[in-house]
Amino acid sequence: MPMMTQIPTEAKIVLTGGKDFWHTHAVEEAGLPQVVLTDGPHGVRLQDGEAAELGLRQAIPATCFPPAVALASSWDPALVEQVGQALGEECQALGVGILLGPGMNIKRSPLCGRNFEYFSEDPLLSGAMAAGMIEGVQSQGVGTSVKHFAANNQETDRQRRDSQIDERTLREIYLRGFGKAIRQAKPWTVMCSYNRLNGTYASENHWLLTDILRGEWGYEGFVMSDWGAVHDRVTSLIAGLDLEMPVNDDHERATTRALAAGAIDPEVIDQAYARIEAVLRKVVDGSRGADDGAGFDVIAHHDLARQVAEQSIVLLTNDGVLPLERDVKVGVIGEFARTPRYQGAGSSRVNPTRLDNALASIEAIVGHEVPFAPGFITATGQTLPPDAHDQAVALASEVEVAVVFLGLGEDHESEGFDRTTMDLPSEQLALVDDILAVNRNVVVVLANGAAVLLPFGDRVRAVVEGWLPGQAGGAALAKVVYGLVNPSGKLAETIPLRLQDVPSHVHFPGDRTGVRYGEGLFAGYRGYDATQTPVAFPFGHGLSYTSFAYSGLTVTPVAGRSSGESTVEAELVPPPTTAMNITVTVTNTGQRAGAEVVQVYVGLPASKVVRVPRELKGFAKVVLEPGQSVPVEITVSAEDLAYWSVAEQSWLVEGGEYVVMVGSSSRDLRLSQTVSLSGDEPWRPLTMESTLGEAMANPVFAQAVAQAQGGVFGEVGADSETVRMMIDSPLSVIAGFSSLGAQIQGLLDQVNATGGRPGPR
Ligand code: BGC
18 MPMMTQIPTE
28 AKIVLTGGKD
38 FWHTHAVEEA
48 GLPQVVLTDG
58 PHGVRLQDGE
68 AAELGLRQAI
78 PATCFPPAVA
88 LASSWDPALV
98 EQVGQALGEE
108 CQALGVGILL
118 GPGMNIKRSP
128 LCGRNFEYFS
138 EDPLLSGAMA
148 AGMIEGVQSQ
158 GVGTSVKHFA
168 ANNQETDRQR
178 RDSQIDERTL
188 REIYLRGFGK
198 AIRQAKPWTV
208 MCSYNRLNGT
218 YASENHWLLT
228 DILRGEWGYE
238 GFVMSDWGAV
248 HDRVTSLIAG
258 LDLEMPVNDD
268 HERATTRALA
278 AGAIDPEVID
288 QAYARIEAVL
298 RKVVDGSRGA
308 DDGAGFDVIA
318 HHDLARQVAE
328 QSIVLLTNDG
338 VLPLERDVKV
348 GVIGEFARTP
358 RYQGAGSSRV
368 NPTRLDNALA
378 SIEAIVGHEV
388 PFAPGFITAT
398 GQTLPPDAHD
408 QAVALASEVE
418 VAVVFLGLGE
428 DHESEGFDRT
438 TMDLPSEQLA
448 LVDDILAVNR
458 NVVVVLANGA
468 AVLLPFGDRV
478 RAVVEGWLPG
488 QAGGAALAKV
498 VYGLVNPSGK
508 LAETIPLRLQ
518 DVPSHVHFPG
528 DRTGVRYGEG
538 LFAGYRGYDA
548 TQTPVAFPFG
558 HGLSYTSFAY
568 SGLTVTPVAG
578 RSSGESTVEA
588 ELVPPPTTAM
598 NITVTVTNTG
608 QRAGAEVVQV
618 YVGLPASKVV
628 RVPRELKGFA
638 KVVLEPGQSV
648 PVEITVSAED
658 LAYWSVAEQS
668 WLVEGGEYVV
678 MVGSSSRDLR
688 LSQTVSLSGD
698 EPWRPLTMES
708 TLGEAMANPV
718 FAQAVAQAQG
728 GVFGEVGADS
738 ETVRMMIDSP
748 LSVIAGFSSL
758 GAQIQGLLDQ
768 VNATGGRPGP
778 R
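Going by our numbering, the first residue of the sequence shown is number 18, and it counts up by one from there.
Encoded structure:
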């Protein structure tokens, strides 16, 4: 094989663009065949030549696992890793080298049409889930492409819109999950998003693609564009993009011209080529050869899809009506029971190998036919008898329990557009009202890719949130309804009471000038909690058929640093405590085996930077037999505790009294404990720009003021009213009107010499 340098730079340009929609170019001189890249993320959507002409719908059959919205509700990264392994096996069987996923943008608004493809409104949970998926797929010698990097949190105008985000919010909410997944799981590729980020297209954003991704996170794979996201390949290559997808001959020619004209450094192209080549070589080395005929185990993967769906279903309410006994006379209502909505629409659509529906699965469990009425149409083009609504109500009046399957059709949510409402279709809401008028025993089962409002929530006896549960979801839902599976899913996104309560609401989706992330750090539950806004179901919520008790919380500070180097002089400050170990005992106090997701939230009430009341900092899913107790250990790392200091341009753990809250949801916190961390903020000298308050926090300064006789400091020392009034005044201002500049500076010099440490703000 020739050395890389033997290929002229000009020839390398070819590899920086796709060969067609789904292939990279082959490089004969380097012995590299073309490689297949395909969607993704929750199933392999491989179009063969003929199928490609049929558009998005047709692809070679592959297992449709639950999309990210459901996967995340399992709160189980190990389970998601298993899905990843199965996806990797299917890629191998179908000859796919890189699977285009996972998608991991933050669910900033429930209206985002693509939320079904994303994990959560929380970066820690998103990062953990994405890492599981990446590790699983790549364990099979197949690459992933974590996407859409970054700040692609809506579909409206997604190919142009400028996401305008302040630096701290961008770091802590929108990049944090990516950073976590990328550093932990090392995806072979990253897909940059269509949108602009603070004025610059993601595909041309040097700060994003080079400074952050490679510089800070040490990323070594290659960056590809979303399909059509490159406007000028030369600018993109210089920014750090390596592969433009799909094919664009004009851009290839323009790059060749730019090279000849000296408008791009050959090294930039050499480097992009080298990164792509290195990954493609891994693909080739990992390939088991699709034509070995081994295929994949369709049945085992269908079973896995069902088990995952079982772990992902969230029981939102239940007054005890669930689980149903088999001999209860039920009527099943709603077309979704017969024609399931189990995945989202758009580029991620998989052609499933088989498809379970809930109606047939319920019949299989009870052992006989169950009366059914479709009630309403779920998709454009469907026809139902004009009296379908009345037939459904009539059926409800004849049975003990009406199990009503409601949800959103593909007309309502899809890649490519956002919803404008969180309501379920009005005919479905009217149907529930009319059913409730004839039968109070109603169980609602939902199929939707993002949160919907549930105006009937407290009038029905139970609500089961199935999300989009993949091709085996119907069977999983039936098993939950009949108690063959004890639900353990937890919400990875808040379900609000009203659309206008959503923290991003007034800023979403922006306009042609951009979308301002005006809610800042207060996205999702962070915002509802800060304003103490009541919600329908909080982040982390999910019921079980058993109950769990929490006891024995201990929190131990751990020494360490949030970011690499120490800026603290070792002899002045003892090793900082910046992390914590948490242990808690969880007991199954009910009659059934079940799983609980133990959630750790952390707040710092006296923080000197803007903070949300509490943030998820750790979680663990445990399975318990009735009566069983287990100790659960969760470590909160310095990296996860740190905030982004704009002043210091660094991640820092602030010192202070942290409140650690442990419980079953973000609003069902059972135990809490305060722990003192010293933090690792660097030493910062007091200056004339420091306020009186900041200076007084320093014991040496405070003592000097207390001892001062006469003048401004005499007054300050003697009079608390003066202190209160001037507490936020910079010392320079006080110096100005007291003519004490030299004295104050002298005091500061004395204080600074002792290493007093007011932290950065
Ligand atoms: C989507 C990507 C997808 C690509 C290829 C784009 O429109 O945003 O997520 O991987 O198409 O289908």
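Note that CB positions come from ideal geometry on N, CA and C, so glycine has one too.
Cβ atoms of residue j and residue i: under 8 Å apart, would you say?
i: ALA467; j: PHE82; result: no
i: LEU470; j: ALA87; result: no
i: LEU694; j: GLY673; result: yes
i: VAL614; j: LYS638; result: yes
i: VAL416; j: PRO388; result: yes
i: ILE77; j: LEU276; result: no
i: VAL676; j: SER689; result: yes
i: PHE636; j: VAL617; result: yes
i: ILE751; j: MET743; result: yes
i: ARG436; j: GLY130; result: yes
i: GLU294; j: ALA47; result: yes
i: VAL460; j: VAL264; result: no
i: SER755; j: THR708; result: no
i: ASN458; j: ARG476; result: no
i: HIS406; j: ARG371; result: no
i: LEU633; j: LEU142; result: yes
i: ARG213; j: SER242; result: no
i: LEU332; j: PRO84; result: no
i: PHE393; j: LEU453; result: no
By how many angstroms is the C-alpha of residue j removed from the C-alpha of residue i?
i: ASP769; j: LEU757; result: First, the residue type needs correcting, since residue 769 is Asn and not Asp in the sequence shown. The straight-line gap from Cα to Cα measures roughly 18 Å.
i: ALA419; j: ARG343; result: 14 Å
i: GLY710; j: SER682; result: 38 Å
i: PRO777; j: GLY235; result: Only weak support is given to the placement of PRO777: the predicted model assigns it a pLDDT of 47, under 50, and the question is left unresolved by the model.
i: GLY34; j: GLU221; result: 15 Å
i: LEU463; j: GLU427; result: 14 Å
i: GLN767; j: MET121; result: 51 Å
i: PRO513; j: ALA322; result: 29 Å
i: VAL325; j: HIS385; result: 27 Å
i: VAL300; j: PHE239; result: 13 Å
i: VAL552; j: ARG628; result: 20 Å
i: PRO19; j: GLU106; result: Low per-residue confidence applies at PRO19: pLDDT is 45, beneath 50, and the placement is therefore not dependable, though the value from the model is reported in the following sentence. Cα-Cα distance, rounded: 32 Å.
i: ARG270; j: VAL251; result: 10 Å
i: GLY483; j: LEU508; result: 11 Å
i: ALA110; j: GLY245; result: 28 Å
i: GLY158; j: ALA493; result: 30 Å
i: SER90; j: GLY490; result: 14 Å
i: TRP700; j: ALA28; result: 52 Å
i: PHE195; j: LYS124; result: 14 Å
i: ARG687; j: ARG292; result: 49 Å
i: ASP336; j: VAL480; result: 10 Å
Would you mind giving the Cβ-Cβ distance between residue i and residue j, rounded to the nearest angstrom? I have them listed as a contact below 8 Å.
i: THR55; j: VAL113; result: 5 Å
i: PRO127; j: ILE151; result: About 26 Å; that fails the 8 Å criterion.
i: ALA289; j: LEU225; result: Their Cβ separation, rounded to whole angstroms, is 16 Å, which puts ALA289 and LEU225 out of contact at 8 Å.
i: ILE330; j: VAL497; result: 5 Å
i: GLU432; j: GLU172; result: 6 Å
i: TYR660; j: GLU189; result: 7 Å
i: TYR211; j: ASN169; result: 7 Å
i: PHE422; j: PHE473; result: With a Cβ gap of about 14 Å, PHE422 and PHE473 do not count as contacting.
i: GLY607; j: THR563; result: 3 Å
i: ILE316; j: THR26; result: Rounded, the Cβ-Cβ distance is 50 Å, inconsistent with contact.
Going by C-alpha distance, which of the options is nearest residue i?
i: ARG578; options: TYR534, LEU633 and SER654; result: SER654
i: ARG358; options: PHE636, GLU665, GLN488 and GLY763; result: GLN488
i: LEU516; options: PHE393, GLY541 and GLY537; result: GLY541
i: ASP440; options: ASN458, ASN465, THR530 and ASP451; result: ASN465
i: THR161; options: ARG177, PRO204, ARG188 and GLY194; result: PRO204
i: ILE799; options: TYR191, ASP243 and ASP249; result: Since the first residue shown for the chain is 18 and the last is 778, residue 799 is missing from the structure and cannot be characterised.
i: PRO592; options: ASN456, ALA246, THR206 and GLU698; result: GLU698
i: ALA623; options: VAL692, GLN608, PHE556 and THR571; result: VAL692
i: LEU501; options: GLN328, LEU703 and THR739; result: GLN328
i: PHE313; options: LEU141, SER749, GLY149 and GLN102; result: GLN102
i: ASP183; options: SER253, GLN666 and GLY535; result: GLY535
i: GLU430; options: LEU446, ASN335, ASP266 and THR397; result: THR397
i: ARG366; options: VAL349, SER137, PHE565 and HIS59; result: HIS59
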